[in-house]
Structure formats: structure tokens, C-alpha cells
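When you line the sequence shown up against this note's numbering, it's residues 7 to 166, in that order.
By construction, the Cβ of each residue, glycine as well, lies at the ideal position given by its N, Cα and C atoms.
Below is one structure, written out as C-alpha cells; the observations come after it.
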Amino acid sequence: MSVTESDLETRLSEDDHQALKLWLRLLSCTTRVEDQIRQRLRADFGTTLPRFDLLAQLERHPDGLTMRELSKRLMVTGGNVTGITDQLEAEGLVLRETRADDRRSFIVKLTPQGRRQFKRMAATHEGWIVELFAGWTPAQKTQVHELLAQLKTHLAKDAA
């Protein structure tokens, strides 16, 4: 199977709407980048993208986040966050602290070991992203970034 045969967008015809073609192209590219990141995280660090994402959220919030906040930020169910947190806690990468104001709720934080591990993964991850987007010149990356910013603004207005 060639690269284009595996894309959903190849099912489109010349008669399909340009916006639909663009949506499927964006989705196809996003899926390909995400697949590469998932494979590389597994091969190089023995971890998953959801685990990486949870660690990234905690790295941005040194005082920690509640399980509910993590669930909201990661856009997954509380059960998913609990399972990932259980694994990371067992590995010594995160810890749970009971909240003083609500003994039923926990704050999840990176441990020093978790912070060091995430720092290594994040540096490598950044290199992968740079590599995956190396097919564009800096000017092209700027142009696409600006166009996507306009689309994001438009979508935010529509949602309001």
C-alpha cells in the first residue's frame, strides 16, 4: 500500500468540496505525525502518548493538578487519568497528595525523577517534531501557522 492509498482523503473526487478536501488533508497529516510520535515514544522510552501528555501537563504546573483538571486538560475520562496516574506513580514518576481543603481529592505532581525523565523525553520529542516538519521552509511553516491561527479564530467565533 502506498502512502496515498492509506489516506482517507484519496477517496475524494474532484467534485468534492474544497473545504472537505482540506479537512481530510489536515486530519491525514495530523494522524501521520501522531503515529510517528507514538511509535518513537514506545521505541525510545517505552511509553505512550497519553502518558507523555499527562507528564507534560504536570511539568507546566509544578504545584500539581487535580485528577479532574488533568481529565479536562487531556480531554479524557477520569478513569483514563486514574489508570495512567496509577502506572506513573508505581514507576515513581508522579505522586498524589491529598488536598488540605478536600480530603476526597488528590493533587498529582511530578517527582524529581519524573521531572528528569520528562525533560529527556521532551527534548527528544521536540527534535522529532522539527524533523517531521523539515519538509517545509521556515517561511512555509510561518505561513501555515498564520493560516491555522486565522482558522482557529474563526472557529472560536463560531463556537461563541
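The beta carbon of residue 73 sits closer than 8 Å to the beta carbons of 84, 87, 88, 91, 111, 112 and 114 from its chain, once the five residues preceding and following it are set aside; these are given in chain order.
Using a 10 angstroms sphere on the CB of residue 23, the tally of other CB atoms stays under 16, which defines it as exposed.
A distance of 8 Å or more separates the beta carbons of residue 153 and residue 100. With contacts defined by Cβ atoms closer than 8 Å, residue 42 and residue 157 do not form a contacting pair. Between the region 93-109 and the region 117-128, the count of Cβ pairs shorter than 8 Å is three or higher; the stretches touch. Beta-bridge annotation (DSSP): residue 116 is paired with 100. DSSP, read as helix, strand or coil, puts residue 91 in helix.
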